[in-house]
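>
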Amino acid sequence: MSKKWRLTDRTRTLLTLELAIVLPAAALMAFSIWNLKQIQRDQAIEAAIQRDFSYVLKIAEKKSWERANEMVVPVRKEFPGLDDGSKTKSILEHILLEHPEYSYAALYDKKTNQLISRMQPGHDMDAVYCGHVQEEINNVASWIPVESPGMVKHLRVMEGKGEQPLAFYGGWTMRENQNSYWHIAYFIPPNVPKDRATVGILGFDEDYMRKDFLPTVMKDVLTGKSSVLKADANPPIMMIHPVKEMSPWAASGMWDGGKPEAERRFADVFPEMVMAIKYQGTTVADIGTRFLHYNYMVLAALSVFMVGGIWLTYRNVSREMTLAKLKSDFVANVSHELRTPLALIRLYAETLELGRLTAKEKYQEYFRIIREESERLTALINNILDFSRIEAGRKEYEFQETDLGELVHSTLESYRFQIQQNGFAFEENISSDIPPLKVDREAIARSLLNLVNNALKYSKDRKFIGVRLYRTDGSINLEVQDRGIGIPTNEQEKIFEKFYRCGDPLVHNVKGSGLGLSLVRHIARAHGGDVLVESEPEKGSKFTIALPFAAAPQTGNATA
Ligand code: ADP
Numbered sequence: 002m003s004k005k006w007r008l009t010d011r012t013r014t015l016l017t018l019e020l021a022i023v024l025p026a027a028a029l030m031a032f033s034i035w036n037l038k039q040i041q042r043d044q045a046i047e048a049a050i051q052r053d054f055s056y057v058l059k060i061a062e063k064k065s066w067e068r069a070n071e072m073v074v075p076v077r078k079e080f081p082g083l084d085d086g087s088k089t090k091s092i093l094e095h096i097l098l099e100h101p102e103y104s105y106a107a108l109y110d111k112k113t114n115q116l117i118s119r120m121q122p123g124h125d126m127d128a129v130y131c132g133h134v135q136e137e138i139n140n141v142a143s144w145i146p147v148e149s150p151g152m153v154k155h156l157r158v159m160e161g162k163g164e165q166p167l168a169f170y171g172g173w174t175m176r177e178n179q180n181s182y183w184h185i186a187y188f189i190p191p192n193v194p195k196d197r198a199t200v201g202i203l204g205f206d207e208d209y210m211r212k213d214f215l216p217t218v219m220k221d222v223l224t225g226k227s228s229v230l231k232a233d234a235n236p237p238i239m240m241i242h243p244v245k246e247m248s249p250w251a252a253s254g255m256w257d258g259g260k261p262e263a264e265r266r267f268a269d270v271f272p273e274m275v276m277a278i279k280y281q282g283t284t285v286a287d288i289g290t291r292f293l294h295y296n297y298m299v300l301a302a303l304s305v306f307m308v309g310g311i312w313l314t315y316r317n318v319s320r321e322m323t324l325a326k327l328k329s330d331f332v333a334n335v336s337h338e339l340r341t342p343l344a345l346i347r348l349y350a351e352t353l354e355l356g357r358l359t360a361k362e363k364y365q366e367y368f369r370i371i372r373e374e375s376e377r378l379t380a381l382i383n384n385i386l387d388f389s390r391i392e393a394g395r396k397e398y399e400f401q402e403t404d405l406g407e408l409v410h411s412t413l414e415s416y417r418f419q420i421q422q423n424g425f426a427f428e429e430n431i432s433s434d435i436p437p438l439k440v441d442r443e444a445i446a447r448s449l450l451n452l453v454n455n456a457l458k459y460s461k462d463r464k465f466i467g468v469r470l471y472r473t474d475g476s477i478n479l480e481v482q483d484r485g486i487g488i489p490t491n492e493q494e495k496i497f498e499k500f501y502r503c504g505d506p507l508v509h510n511v512k513g514s515g516l517g518l519s520l521v522r523h524i525a526r527a528h529g530g531d532v533l534v535e536s537e538p539e540k541g542s543k544f545t546i547a548l549p550f551a552a553a554p555q556t557g558n559a560t561a
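Counted the way this note's numbering counts, the sequence shown spans residues 2 to 561.
(1) Considering Cα atoms alone, identify which of L108, Y170 and E539 is closest to F267.
(2) Would a C-beta distance cut-off of 8 Å place L37 and N235 closer than the cut-off?
(3) Just to confirm my understanding: we take A26, look at its own chain, exclude 5 residues before and 5 after, and list those with CB closer than 6 Å. What are they?
(4) What residue does the alpha helix (DSSP H) around N70 start on, and which one ends it?
(5) At the 8 Å Cβ level, is R266 part of the contact set with chain C, yes or no?
(6) Which residue spans inside the stretch 16-46 form an unbroken alpha helix (DSSP H) run of at least 4?
(7) Could you tell me whether the Cβ atoms of N451 and L408 are closer together than 8 Å?
(8) Around the Cβ of E19, are there at least 16 other Cβ atoms within 10 angstroms (buried) or fewer (exposed)?
(9) Quick test of your reading: I477 and L405, contact by CB under 8 Å. State the CB separation rounded to the nearest angstrom.
(10) Are the Cβ atoms of D483 and A456 separated by less than 8 Å?
(11) Only counting runs of 3 or more residues, tell me where the beta strand (DSSP E) segments fall wholly within the stretch 109-141, in order along the chain.
(12) Tell me where the alpha helix (DSSP H) around W312 begins and ends.
(13) Please determine whether the Cβ atom of R502 lies at a distance below 7 Å from any heavy atom of the ligand ADP.
(14) So is the beta-carbon of A456 under 7 Å away from any non-hydrogen atom of the ligand ADP?
(15) Using a threshold of 7 Å, is the CB atom of Y459 nearer than that to any non-hydrogen atom of the ligand ADP?
(16) CA-CA distance, D206 and E102?
(17) Using beta-carbon positions only, say whether L470 and I435 come within less than 8 Å of one another.
(18) How do the stretch 167-183 and the stretch 78-94 stand: do at least 3 beta-carbon pairs fall below 8 Å, yes or no?
(19) Is there contact here, the stretch 57-67 with the stretch 156-163, by at least three beta-carbon pairs under 8 Å?
(20) Reducing DSSP to helix, strand and coil, say where I185 ends up.
(21) Evaluate the contact criterion for the stretch 325-334 versus the stretch 373-383: three or more CB pairs, one atom per stretch, below 8 Å.
(22) Since I202 and Y187 are thought to touch, with beta carbons under 8 Å apart, how far apart are those beta carbons, to the nearest angstrom?
(23) Assuming L516 and N317 form a contact by the criterion Cβ under 8 Å, report the distance between their Cβ atoms to the nearest whole angstrom.
(24) Where F32 and V305 are concerned, what is the direct C-alpha to C-alpha distance, given to the nearest angstrom?
(25) So, with DSSP's three-state summary, where would you put R197?
(26) Would you report the Cα separation of A333 and V453, rounded to the nearest angstrom?
(27) What is the rounded straight-line gap between the Cα of K220 and the Cα of A48?
(28) Roughly how many whole angstroms lie between the Cα atoms of S228 and R52?
(29) For N114, which residues of its own chain have a beta-carbon under 7 Å away from its beta-carbon, when the five flanking residues on both sides are left out?
(30) Applying the criterion that 16 or more other CB atoms from any shown protein chain within 10 Å of the CB defines a buried residue, is E262 buried or exposed?
(31) D269: which of H184, T217, F400 and Y209 sits nearest, CA to CA?
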């Protein structure tokens, strides 16, 4: 695999990452921010709420008209006509007794210019009440002679259209420094001939209107189907005020002051009245700001997650790519490592086969080379097999009580010749106080061989290998020291990872698979211990396998 190819591969992955994830993510973020800015600039939230508010007010007006109509229609049917004569007063009184929501009832006929009126009998004893009602009746008496022809004409037109001949009228007066609303329904009583200008009048009780009728209509509308309003934590509240004054006259709940968000002037049913609406305890502007803040925060949190995700993806992809590169290097290295000893073995075997050698030492030398090379092959294959077992989670250790001193010595013995042949000074130092330990003999031997082999491979001029086996407080330490090329500090943890080989060009001149130390670490950990390295570039390295001897390891499967 050429360097150039790897570079393009990496660049391609980064480009894909950028085009497929980073760019769309950034575009999405930018679009969301732009969108929110637009909403902020257009005050879209505020406008939407205000639209809802206006709609609610419109419904409230319609509802109050419907309710007032429903109240008056049946009463109109009971109303006395012109031919009731002396019974008129008692009929009016009866109606009032049945309907406490009216404070008076009256019948006016233009032709006789007579206004027959009755006050609510239920309040007979209340002098103040009677005074107010009498004032209202007097007021009606003052304008009805002039207005009645026009009123009747209007009502007859309605009747002609198939509607109920009834209408409403009202207005504000000041009473004891307070706004007071008088409100009447007027209609043509039943059985009145078409040529007579006769009007029936019902005066609504002010308290009833203010404390019952209007608050009920407002509450009905607010708790109705308009889900837009219901969804908010701050409930909306409505009130009614005179056109010229802002203080509430009737309200759906506690009006907490402040400016209404929307208003509607009642035209038909309650002249001069204004209905207002707002949220309790907050303003629409605040809600708009809160909505935007909330959305900006969500966006910020999402961006953080997105950037985090992209970073994680990038990290994983780079890791996978590094691993892929290590694996391909591994394949190249291993094939080379297999080929070299095989070529040597074949070459020397062929030479021997020809039988042309004369000197006996030559035979010895050739046999030794063949043995050494086949040993190298075995070690390599063992490493690869062990590694694949570990990777598959099938590596099993056979722990048995072992004299470690003896095991280390005999393992080194078979290697001693080779070490010395390569010109290495060799020191072996085995303490006599090593207690017997339960270990997997083969695995420990293989670890030691891997370490010694590395010391051989990664030394230049100062050729020294020292092996020590000694006891400390809690562990038995097996130490392999060299005076070779050393390992830079930043690579000292990585060398134990599978396939990892140091960046030093010298390392790449030496063949290796990058598996040895990862196996050593797996083996040490399976024994409940670990492997440590102390090293300084150009000075040498010391690898120590520490095996605890208090805790006896268990037999069974162990994975890396
Ligand atoms: P290999 O030797 O097959 O490459 P290892 O897993 O045994 O694989 O070692 C990993 C790397 O650690 C080696 O490639 C080398 O760079 C470094 N290394 C191991 N032992 C030594 C040592 N004694 N001195 C210097 N470098 C070492």
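Ideal placement from N, C-alpha and C gives every residue a C-beta, glycine not left out.
Taking the geometry as given:
(1) Closest option to F267, Cα to Cα, is Y170.
(2) Result no, Cβ atoms of L37 and N235 do not sit closer than 8 Å.
(3) M307
(4) A45 to E79
(5) Here there is only one protein chain, and chain C is not present.
(6) 24-43
(7) No, the pair does not count as a contact, with Cβ atoms beyond the cut-off.
(8) exposed
(9) 6 Å
(10) yes
(11) 115-120, all fully within the stretch 109-141.
(12) V285 to L355
(13) yes
(14) yes
(15) yes
(16) 5 Å
(17) yes
(18) The stretch 167-183 is not in contact with the stretch 78-94.
(19) As far as the Cβ criterion goes, the stretch 57-67 does not touch the stretch 156-163, which means the pair count is below three.
(20) DSSP places I185 within a strand segment (E or B) once states are collapsed to three.
(21) no
(22) 5 Å
(23) So it is not a contact: roughly 23 Å between Cβ atoms.
(24) 16 Å
(25) coil
(26) 23 Å
(27) So the two alpha carbons sit approximately 23 Å from each other.
(28) Low confidence applies to S228: its pLDDT is 46, below 50, so where it sits in the model is not reliable, and the reading given next is rough at best. When only Cα atoms are considered, S228 and R52 end up about 13 Å apart.
(29) Answer for N114: P146, listed in chain order.
(30) By the neighbour-count rule (16 or more Cβ atoms within 10 Å), E262 is buried.
(31) H184
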